[in-house]
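Report on the following structure.
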Amino acid sequence: MEYDVIGHDKYGLYNSLGAQKQSGAYSKQLRYILNFSDGSHDLVDIANMLEQPLWECETAVNDLVHAGLLRPLG
36 MEYDVIGHDK
46 YGLYNSLGAQ
56 KQSGAYSKQL
66 RYILNFSDGS
76 HDLVDIANML
86 EQPLWECETA
96 VNDLVHAGLL
106 RPLG
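Be aware that the sequence shown starts at 36, since it is given in our numbering, and climbs by one per residue.
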């Protein structure tokens with residue numbers, strides 16, 4: 036599934052979502068997903084760039100969708 040970035044991080048995703056999400060891996064996932072969700076990369080591509088299984092990015096993707104920063108295309 037591809038996603039489109041529709042905003043910028045002004046929602047405090049990097050510092051206010053709890054200790055579990057404060058991990059370096061979570062922050063890196065947020066950065067990669069926001070930076071590479073440009074219509075030419077899908078989540079599989081981004082997970083491969085992160086060298087992580089796709090399902091490990093699920094929390095970051097869901098948080099970005101919930102914050103209104105990412106939306107499914109199509």
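For glycine and all other residues, C-beta sits at the position ideal for the given N, C-alpha and C.
6 Å CB neighbourhood of residue i in its chain, flanking five on each side removed
i	result
Cys92	Gln64 and Ala82
Arg66	none
Lys56	In this prediction, Lys56 has a pLDDT of 45, which is less than 50 and means its spatial position is unreliable; what the coordinates show is noted afterwards. For Lys56, where only same-chain residues beyond five positions count, there are no Cβ hits under 6 Å.
Close Cβ partners of residue i (< 8 Å) along its chain, the five nearest in sequence each way excluded
i	result
Val79	Leu89
Phe71	Asp80, Ile81 and Met84
Residues of its chain near residue i, where Cβ-Cβ distance is below 7 Å and the 5 sequence neighbours each way are ignored
i	result
Ala95	Tyr61, Gln64, Leu65 and Ile68
Worksheet item: On the three-pair Cβ rule with 8 Å, is the segment 77-88 touching the segment 99-107?
Response: With the cut-off at 8 Å, the segment 77-88 and the segment 99-107 do not touch.
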